[in-house]
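Novice:
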Amino acid sequence: MRRLESNERERMRMHSLNDAFQSLREVIPHVKKERRLSKIETLTLAKNYIMALTNVICDMRGEDSPYVAPDSSTGLITSGTQGDTALTAHAHTEESFFDFE
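Quick note: the sequence shown uses full-length UniProt numbering, first residue 1, plus one each step.
#1: Reducing DSSP to helix, strand and coil, say where Arg9 ends up.
#2: Give me the Cα-Cα distance between Ala20 and Cys58, rounded to the nearest whole angstrom.
#3: Under three-state DSSP, which class holds Arg30?
#4: Using only the alpha-carbon positions, how far apart do Met51 and Met12 sit?
#5: Does DSSP put Gly75 in a helix, in a strand, or in coil?
#6: Just the C-alpha distance for Pro29 and Ser65, rounded to the nearest angstrom, thanks.
#7: Give me the Cα-Cα distance between Leu76 and Glu10, rounded to the nearest whole angstrom.
#8: Should Asp19 be flagged as near chain B, meaning a C-beta pair shorter than 9 Å?
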């Protein structure tokens with residue numbers, strides 16, 4: 001009996017976690033909307049999007065940007081706009097980074 005209850009709790013926990021990932025996928029901009037992002041891609045894009053937005057806020061305040069985009073000449077993708085600035089994602093094998101130009 002305890003095992004069945006434990007399994008049910010774990011199933012509910014996983015459903016809740018998957019729902020949270022789906023909600024996060026819906027609010028982070030990404031290029032290939034036809035392909036569902038993996039959990040690690042979702043977390044990486046969310047982290048980098050937050051870092052990029054933090055840089056924008058710091059720039060608007062005239063402060064130094066705390067985060068720097070990784071150096072790469074490949075994988076630069078425009079994925080949306082933020083006001084007059086283009087939102088670009090630097091897609092790398094292990095991570096993506098958003099930048100506002």
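For every residue, glycine included, the Cβ atom is placed at its ideal position computed from N, Cα and C.
Specialist: This is what the structure holds:
#1: It is helical.
#2: So the alpha carbons of these two residues sit roughly 29 Å apart.
#3: The sequence as given places His at residue 30; Arg does not occur at that position. Of the three classes helix, strand and coil, the one that applies to His30 here is coil, per DSSP.
#4: Each residue's alpha carbon lies about 32 Å from the other.
#5: Residue placement at Gly75 cannot be trusted, given a pLDDT of 37 that sits under 50; what the coordinates show is reported in the next sentence. Three-state DSSP puts Gly75 in coil, outside helix and strand.
#6: Taking C-alpha positions only, Pro29 is separated from Ser65 by approximately 21 Å.
#7: The predicted model places Leu76 with a pLDDT of 35, which falls under 50 and marks its position as unreliable; any figure quoted below should be read in that light. Between Leu76 and Glu10, the C-alpha separation is close to 40 Å.
#8: The chain inventory of the structure shown lacks chain B, comprising one protein chain alone.
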